[in-house]
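Just so you know, we're using the working numbering here: the sequence shown kicks off at 22 and counts up by one. Built from N, CA and C at the ideal position, the CB exists for glycine as well. These figures come from a predicted structure and were not determined experimentally. Structure, as structure tokens:
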Amino acid sequence: MEVLSYSSAPCCDAVNLRWKLIVKSTSSHQFSLPGFRKNRVFGAKFDVRRKFLSCYNLDQAFLKQLNHQGGFRSLNTSENFKHVGQILSNGSSDGYVIGGEEDASISETGEPGTKVLIPGLPDESKGESGATVSSCFWEWKPKFNVHYEKAGCENLGSPPVLLLPGFGVGSFHYEKQLKDLGLDFRVWAIDFLGQGRSLPFEDPAPRNEEESVSDTKDVLWGFGEKSEPWASELVYSIDLWQDQVRYFIEEVIGEPVYIAGNSLGGFVALYFAACNPHLVKGVTLLNATPFWGFLPNPTRSPRLSKIFPSAGSFPLPPTVRKLTEIVWQKISDPRSIAEVLKQVYADHSTNVDKVFSRILETSEHPAAAASFASIMLAPQGQLSFRDALSRCHMNNVPICLMYGKEDPWVKPLWGLQVKQQVPEAPYYEISPAGHCPHDEVPEVVNYLLRGWIKNLETRGLVALPLLDAPEGMQNNIARDLEFVRDGAKKVVHIRFFASKFSVWDFISSYIISRFRKLELKS
């Protein structure tokens, strides 16, 4: 049951130098929503009015030029790190931005013959309207209220797309996909239970009135000795999230979807597709984490799991509550949040003010600390990442891989292992991009995701992005994708690994990139 729905632009939060949330304003805008675009577009040109680019039906002369391989270009992101400002800016900025004023990591130059012009995001300052984004709540079960955002629902008959967020964030992390992809598709993004705005509205384990608590503890929910009936079996686990996604698709969307997930969301997307292939039209992994959960799964390891009787359930054990209070005080500190964002974004000029503010806002929820403890103590899923991948492969679930090359957590090695297990899956390596390519280079991710979905919807009649024909899947391709952001041209390097991909391809890509970095330094 959908209990609340409203349309608005995301909140804009300002942070002062002491990291206190001082301004929170919401502005509501209604945008015109154009109809679903036609797939067939000729020529390699960017139509600003329709915000659409197609390179599928180019003339042969231009295709030959695009197929020129050239050298593999990498970017000297480590060298540019020295230009990045302090985490706590001592300037007069009202918001939080990683780095200083320079566009430190995205190159603005490319090699002749390898550039492909792609659309930028809708620029409202130029009158280019993005899709209207609506924020809603869906009551899955009593007390289980799921927050989600949607866009493009007026595009009747268009493919449905469901976006799953990473750990610690929510649907707000897909704002750039909702506004852009919502012009072509019907798009939903959800908050997992226990995260984002899907945290509980009531205390799952309230303290007794007799309990003496300090001023810092009395705002924390879930730290009592007895759980409420509705939370007696609540564990924020990957199996819970898999069930949440299934019911959301069945009850809210109502048909099979293209599902994409970043980090934890990638694991959940793959896990869900392995368990429910009939509800999935395709899976896109965006730097998907290849593992989740520290404690053994009761089904897979029944004896070992008995050693950990709590396993993330409420009420939390006393020792867990004490440890959580200490750990939570550290990781919810604004400086810690800022440091994590600095790690996962390769381009330190990326403005993450909204992301930072929304994460900080979530961390201040009274149920956030206990939910974090439940997530950390939750058992592993019944399927490992590798098992889920094998099951998807066996059930012919289409998979597309998009990995930021400069991810400090999910290293390219993990993407390589996925590619080896499903060699027919298109693999796009994006550079420079870190752990969250969809937010760091949304222009590129949106372009690739659009093209991949069109390729599947037309059963291969429309070629994959950067390929002129299906037989191009046999060869590796390197391209520079150029787009306009904030009035400046940007270039991001894409490496497409084909079905004939080998370990040597990956090693050679790394070696060449290192040589390129040395050249740039000299």
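Check whether residue i and residue j have beta carbons under 9 Å apart
i    : j    : result
V304 : G282 : yes
Q216 : I352 : no
I211 : V154 : no
A391 : P225 : yes
A152 : L202 : yes
R324 : Q401 : no
V289 : F193 : no
V256 : G333 : yes
F244 : R342 : yes
G436 : E445 : no
Q403 : N297 : no
L306 : L422 : yes
V373 : L362 : yes
F269 : W159 : yes
P555 : Q364 : For the chain, the structure presents residues 22 to 543; residue 555 sits outside this window and is missing.
R516 : A499 : yes
DSSP-derived helix/strand/coil call for residue i
i    : result
D368 : coil
K426 : coil
S155 : strand
E175 : coil
T305 : strand
L381 : helix
S452 : strand
V596 : Absent from the structure is residue 596, since the part of the chain shown begins at 22 and ends at 543.
N283 : strand
I259 : helix
E271 : helix
I515 : strand
A294 : helix
D201 : helix
R356 : helix
I139 : coil
A226 : coil
D501 : strand
Which listed residue (the options) has its alpha carbon closest to that of residue i
i    : options                   : result
P180 : E249, A295 and V278       : V278
W313 : L291, N476 and K327       : L291
F188 : T310, P250, Q265 and G178 : T310
P250 : K475, V240 and E223       : E223
V240 : S150, S248 and P227       : P227
E427 : H369, G286, L482 and C421 : H369
P221 : Q263, K164 and A519       : K164
S2   : K162, V137 and G178       : Only positions 22 to 543 of the chain appear in this structure, which leaves residue 2 out of reach.
G143 : L488, L204, I420 and N416 : Rather than Gly, the amino acid found at residue 143 in this sequence is Pro. Selected option, being the one with the closest Cα: L204.
G481 : S248, G508, P447 and A388 : P447
Y169 : D264, N476 and V273       : V273
I259 : R267, A252 and S253       : R267
T345 : A388, A509, W262 and F269 : A388
Q350 : S326, K375 and S384       : S384
K302 : N416, T135, H386 and Q265 : N416
Sequence-distant residues of the same chain with beta carbon closer than 6 Å to residue i, five excluded per side
i    : result
R506 : G141
V208 : A172, G173, V182, L199 and L202
F504 : I139, G141, E464 and K511
Y468 : I139
P338 : S331
Y195 : L184 and A210
R412 : A295
N476 : V483 and L485
Close Cβ partners of residue i (< 7 Å) along its chain, the five nearest in sequence each way excluded
i    : result
L410 : L291, V439, Q442 and V443
F406 : F288, L291, P311 and F312
P336 : A226, G245, E246, K247 and S248
Close beta carbons around residue i, own chain, < 8 Å, minus the five adjacent residues each side
i    : result
V431 : S284, N308, A309, T310, P311, Y424 and H456
F315 : M397, L398 and Q401
V466 : Q198, L307, M423, I451, P458 and H459
W473 : G303, T305, C421, P447, L485 and P486
### Message
Give the list of continuous beta strand (DSSP E) stretches no shorter than 3 residues that lie fully inside the segment 405–450.
### Response
420–425
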